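Here the UniProt record's numbering is used: the first residue of the sequence shown is 1, the next is one more, and so on.
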Amino acid sequence: MFKKFDEKENVSNCIQLKTSVIKGIKNQLLDQFPDIESWLNHIMPKKDPVKIVRCHEHIEILTVNGELLFFRQREGPFYPTLRLLHKYPFILPHQQVDKGAIKFVLSGANIMCPGLTSPGAKLYPSASETVVAIMAEGKQHALCVGVMKMSAEDMKEFSAVVIAHVMFEECPECVSFITPVKTVVPGSTLVLISQD
Numbered sequence: 001m002f003k004k005f006d007e008k009e010n011v012s013n014c015i016q017l018k019t020s021v022i023k024g025i026k027n028q029l030l031d032q033f034p035d036i037e038s039w040l041n042h043i044m045p046k047k048d049p050v051k052i053v054r055c056h057e058h059i060e061i062l063t064v065n066g067e068l069l070f071f072r073q074r075e076g077p078f079y080p081t082l083r084l085l086h087k088y089p090f091i092l093p094h095q096q097v098d099k100g101a102i103k104f105v106l107s108g109a110n111i112m113c114p115g116l117t118s119p120g121a122k123l124y125p126s127a128s129e130t131v132v133a134i135m136a137e138g139k140q141h142a143l144c145v146g147v148m149k150m151s152a153e154d155m156k157e158f159s160a161v162v163i164a165h166v167m168f169e170e171c172p173e174c175v176s177f178i179t180p181v182k183t184v185v186p187g188s189t190l191v192l193i194s195q196d
């Protein structure tokens, strides 16, 4: 979705959101990602400015203090950016691909069922159209964010997950391998999250 992203060419405008709109977005995020509830005020602090960056192809990016947090296409569901997912890995259900699928996933290929059902892969129960974090065998952080196209029980030889956001896409703030991020562990006390 963000391949060859250039801010000057792809961004059409940036709008600061009103409090009522922010509340609506927070409610939508809570409906979509129930595990984010206790951390939402840390991710989107009340007094920090929240903006929507509108891009070409009807893509909207939700930002707080210039940090890209979520994106969506048209009025569809929100997807967390990889940087946010690496900080809060528990906000999405996980699916794990085997080592052989890693290079294909990083190049943006959709994940076929054998990539999730072969040895080394782990297929966790998920319903169709669920936004998931794609992990890899032997790796700590998610490779991409995707959408389950069929339930875990129904997988055969079709595209199992359609990729929405890949690690090596050229979105300036989305490329989470450039600067290390601190991972928040559920049950821990969050004092300060800093990129420094």
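Cβ atoms here follow ideal geometry from the backbone N, Cα and C, with glycine treated the same way. Owing to the predicted nature of the structure, the values given are computational and were not obtained by experimental measurement.
Should residue i be listed as close to the ligand FMN, given that the test is whether its C-beta is under 7 Å from any heavy atom?
{"i": "L17", "result": "Summarising the ligand content, the structure contains no ligands, and the ligand FMN is consequently not present."}
Assuming residue i and residue j make a contact with CB atoms under 8 Å, what is their CB distance in whole Å?
{"i": "V21", "j": "P80", "result": "About 19 Å; that fails the 8 Å criterion."}
{"i": "M135", "j": "H86", "result": "The Cβ separation is near 11 Å, so there is no contact."}
{"i": "residue 206", "j": "P49", "result": "Residue 206 is absent from the structure shown; the chain starts at 1 and stops at 196."}
{"i": "L68", "j": "A133", "result": "Not really, about 17 Å apart at Cβ, beyond 8 Å."}
{"i": "Q96", "j": "E137", "result": "6 Å"}
DSSP beta-bridge partners for residue i?
{"i": "V21", "result": "Partner(s): none; V21 has no beta bridge."}
{"i": "L62", "result": "I52 and F70"}
{"i": "Y79", "result": "F71"}
{"i": "K122", "result": "Q96"}
{"i": "I134", "result": "Q95 and C144"}
{"i": "H165", "result": "V145"}
Helix, strand or coil for residue i per DSSP?
{"i": "Q140", "result": "coil"}
{"i": "F104", "result": "helix"}
{"i": "P34", "result": "helix"}
{"i": "T189", "result": "Its pLDDT being 44, under 50, T189 is placed unreliably in this model, and the coordinates cannot settle the point."}
{"i": "G146", "result": "strand"}
{"i": "A152", "result": "helix"}
{"i": "K46", "result": "coil"}
{"i": "C174", "result": "The predicted model places C174 with a pLDDT of 44, which falls under 50 and marks its position as unreliable; any figure quoted below should be read in that light. In this structure, C174 counts as coil in the three-state DSSP scheme."}
{"i": "N41", "result": "helix"}
Taking 8 Å as the CB-CB limit, is residue i close to chain C?
{"i": "L82", "result": "In the structure shown, chain C cannot be found, because there is only a single protein chain."}
Quick check on the DSSP output: the beta strand (DSSP E) that includes residue i runs from which residue to which?
{"i": "I15", "result": "V11 to Q16"}
For the alpha helix (DSSP H) holding residue i, just list the boundary residues, first then last.
{"i": "P114", "result": "C113 to T117"}
Q.
Could you check whether the stretch 104-119 touches the stretch 50-67, counting it as contact only if at least three pairs of C-beta atoms, one from each stretch, sit closer than 8 Å?
A. Taking one beta carbon from each stretch, the stretch 104-119 and the stretch 50-67 have fewer than 3 pairs nearer than 8 Å; the two do not touch.
**Q.** Meets three-Cβ-pair contact criterion under 8 Å: the stretch 68-75 and the stretch 119-129
**A.** Counting Cβ pairs under 8 Å, fewer than three are found: no touch.
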